[in-house]
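Chemist:
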Amino acid sequence: EKGGFDHFMMKEIYEQPKAIRDTLASRVKGNIVDLSQEIGLTLEQIQNIEKIHFVACGTAYHAGLVGKYVLEDLARIPVECDVASEYRYRNPIITDRTLVVVVSQSGETADTLAALREAQKHGARVMAITNVVGSSVAREADDVITTWAGPEIAVASTKAYTSQLIAIYLLGLYFAQAKGYKSAEELQGIVTDLLTLPEKVEEVLKQEKTVEAFARSIAKHNNLFFLGRGLDYAVALEGSLKLKEISYIHSEAYAAGELKHGTLALIEDNIPVIALATQQSVFEKTVSNIQEVKARGAYVLGLAVEGDTGLIKSVDEVITIPQVSDLFAPVLAVVPLQLLAYYACVERGYDVDKPRNLAKSVTVE
Ligand code: F6R
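Using the UniProt record's numbering, the first residue of the sequence shown is number 244, and each one after it goes up by one.
This is the structure:
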């Protein structure tokens, strides 16, 4: 049942290229994204969307954070992103021109479902991105984009997250086509790039041994940091959650530019820092933040795009991902972080697939 892997989590990490392919399939025709089969919104309704709220929990919330960048960048619609357990208690401003996108692997998370109902009560249209056809969230939402990741057994979410990112990119591109801020050629170029992600994830998986060695070397630590800017920060949050969840090592994800506003005080000799530097638009800035922690003795694993030699002299170890646009880098960057959490957990001797105190589906508040 684990397909030759020791744990479901590793099996699911390796299923990501397929999950991504299946989530893309039938939605991209030529170089055009077509979601008209699953989304009932007319062209005019899309053009009338005033704002989008992404609402979700945990890993799905981290996908929503990527969604904020993607929808704002591609479709130029203002986006807010909330944790479901906060959203429904904070009296958010929802109108009939608000699109609420709930993201949920299981489609059964109590807070997410309650947020969906709250949003509908206020007249919003609710779209669900979910991995379970016929789940509560899927049944109650007005529109559904299904992620085709297949059943996810390990408590720590991996392939569901990357598939959620794909669904979000498809949505961003579909709306972008309707809004017309970018030219058709430009959008088609972006779609072409999107289609290369499955094979690029396969490339990243080949670096498993390097990640394993780093994970084993840091497994004795009780504290570490993830740093990144822009989309790398969103991925850093997910990497940090994954590590905490299964290895029980405390970690914090920080927007790299925010370090000197307090957190730098915690950087001391040998503290492991995982520094994401995949975003070309802020690459130099990120490298200078990495140098700040390096100068204070941190032991740094850098994550960069192939060919970015500028990073190598500022870090102790490096993992590269294939060349990719900033927008799509999260799909590749998260993979080494999943592997890192996995091997840190194995090294510390904990149960990978069933971490303590956690349930796969949180159906209570
Ligand atoms: C972390 C994890 C959780 C879930 C969260 C939401 O690895 O799996 O943080 O992402 O409980 O679950 P869904 O997506 O089923 O609503």
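Even for Gly, the Cβ is constructed at its ideal location relative to N, Cα and C.
Look at the Cβ atom of Val313, then the Cβ atom of Gly415, and state whether they are nearer than 8 Å.
Modeler: Yes; because the gap between Cβ atoms is below 8 Å, this pair is in contact.
Chemist: Nearest-angstrom Cα distance between Glu428 and Gln420?
Modeler: So the alpha carbons of these two residues sit roughly 11 Å apart.
Chemist: According to DSSP, is Cys300 part of a helix, a strand, or is it coil?
Modeler: DSSP places Cys300 in coil when its eight states are reduced to three.
Chemist: In whole angstroms, what is the alpha-carbon distance linking Ala392 and Phe251?
Modeler: So the alpha carbons of these two residues sit roughly 13 Å apart.
Chemist: How far does the alpha helix (DSSP H) with Phe571 in it extend, from its first residue to its last?
Modeler: It is not in any alpha helix (DSSP H) - Phe571 carries neither H nor E in the DSSP assignment.
Chemist: How is Pro565 classed by DSSP in three states: helix, strand or coil?
Modeler: Correct three-state label for Pro565: coil.
Chemist: Indicate the three-state DSSP secondary structure (helix, strand or coil) for Ala268 in the structure shown.
Modeler: Reduced to three states, the DSSP call for Ala268 is coil.
Chemist: Please state if the CB of Ser347 and the CB of Thr373 are separated by a distance shorter than 8 Å.
Modeler: Closer than 8 Å, so yes.
Chemist: Determine which residues share a DSSP beta bridge with Met252 and list them.
Modeler: Met252 pairs with nothing; no bridge assigned.
Chemist: Could you check whether the segment 487-501 touches the segment 434-443, counting it as contact only if at least three pairs of C-beta atoms, one from each stretch, sit closer than 8 Å?
Modeler: Output reads no: the segment 434-443 does not touch the segment 487-501.
Chemist: So, with DSSP's three-state summary, where would you put residue 191?
Modeler: Look at the range of the chain in this structure, 244 to 608, and you will see that residue 191 is not part of it.
Chemist: Look up Gly471 in the DSSP assignment and give the residues it is bridged to.
Modeler: Bridge partners of Gly471: Ala498.
Chemist: For the segment 496-509 against the segment 472-486, are there 3 or more C-beta pairs whose distance is under 8 Å?
Modeler: They touch, by the three-pair rule.
Chemist: Any heavy atom of the ligand F6R inside 7 Å of the beta-carbon of Ser604?
Modeler: True, at least one ligand heavy atom lies under 7 Å from that Cβ.
Chemist: Identify the residues that DSSP records as bridge partners of His493: which are they?
Modeler: In the DSSP output, where bridge partners are listed per residue, His493 has Asn466.
Chemist: Lys311 by DSSP, collapsed to three states: which one?
Modeler: Residue state, collapsed to three classes: helix.
Chemist: Beta carbon of Gly310: closer than 7 Å to some heavy atom of the ligand F6R?
Modeler: No, the beta carbon of Gly310 sits no closer than 7 Å to any heavy atom of the ligand F6R.
Chemist: Measure the C-alpha to C-alpha separation of Phe468 and Gly283 and round it to an integer number of angstroms.
Modeler: The alpha-carbon atoms of Phe468 and Gly283 are separated by roughly 43 Å.
Chemist: Would Arg319 be called buried (16 or more neighbouring beta carbons within 10 Å of its own) or exposed?
Modeler: Under this definition Arg319 is an exposed residue.
Chemist: Does the beta-carbon of His504 have 16 or more other beta-carbons within 10 angstroms, so that it is buried, or is it exposed?
Modeler: Exposed.
Chemist: Could I get the ranges of all uninterrupted alpha helix (DSSP H) runs contained in the UniProt domain "SIS" (285-424), with 4 residues as the minimum, in chain order?
Modeler: Runs of the alpha helix (DSSP H) inside the UniProt domain "SIS" (285-424): 286-290, 301-318, 327-330, 353-364, 379-383, 402-422.
Chemist: Less than 7 Å separating the Cβ of Ala303 from some heavy atom of the ligand F6R?
Modeler: Flag set: Cβ of Ala303 near the ligand F6R.
Chemist: Return the residue from the list Gly246, Ala458, Asp265, Leu356 that minimises the CA-CA distance to Glu329.
Modeler: Ranking the options by Cα distance to Glu329, first place goes to Leu356.
Chemist: Could you say which of Ala520, Val454, Ala584, Glu495 lies nearest to Leu509 if we only look at CA atoms?
Modeler: Out of Ala520, Val454, Ala584, Glu495, Glu495 has the C-alpha closest to the C-alpha of Leu509.
Chemist: Please identify the residue among Ala367, Gln522, Leu580, Ala262 whose C-alpha is closest to the C-alpha of Thr405.
Modeler: Answer by Cα proximity: Ala262.
Chemist: Answer with buried or exposed for Arg333, where buried requires no fewer than 16 other C-beta atoms within 10 angstroms of its C-beta.
Modeler: Exposed: under 16 other Cβ atoms inside 10 Å.
Chemist: Here's the rule: buried if 16 or more other CB atoms are within 10 angstroms of the residue's CB, otherwise exposed. What is Gly550?
Modeler: Exposed, since its Cβ has fewer than 16 Cβ neighbours within 10 Å.
Chemist: Among residues of its own chain, excluding the 5 on either side of Phe457, which ones have a beta-carbon nearer than 6 Å to its beta-carbon?
Modeler: Excluding sequence neighbours, Phe457 sits near Leu544, Glu560.
Chemist: Less than 7 Å between the CB of residue 231 and some heavy atom of the ligand F6R, yes or no?
Modeler: Coverage of the chain is limited to positions 244 through 608, which leaves residue 231 absent and any answer about it impossible.
Chemist: Ordered along the chain, which non-local residues of its own chain (more than five positions away) have a Cβ less than 7 Å from that of Val375?
Modeler: The answer, listed in chain order, is Ser349, Gly350, Ala381.
Chemist: Grab the span of the beta strand (DSSP E) containing Ala547 for me, first residue to last.
Modeler: Ala547 -> beta strand (DSSP E) spans 542-548.
Chemist: What did DSSP end up calling Leu480 once you bin it into helix, strand or coil?
Modeler: It is helical.
Chemist: Taking Cβ to Cβ, would you say Val574 is nearer than 8 Å to Leu408?
Modeler: Taking 8 Å as the Cβ cut-off, Val574 and Leu408 qualify as a contacting pair.
Chemist: Is DSSP giving Asp281 helix, strand or coil here?
Modeler: A quick correction: the sequence has Glu, not Asp, at residue 281. Glu281: coil per DSSP, three-state reduction.
Chemist: Compare the beta carbon distance of Gly310 and Ile411 with 8 Å and say whether it is the shorter of the two.
Modeler: For Gly310 and Ile411, yes; Cβs fall inside 8 Å.
Chemist: May I have the straight-line CA-CA distance separating Lys449 from Gln290, to the nearest angstrom?
Modeler: Cα to Cα, Lys449 sits roughly 42 Å from Gln290.
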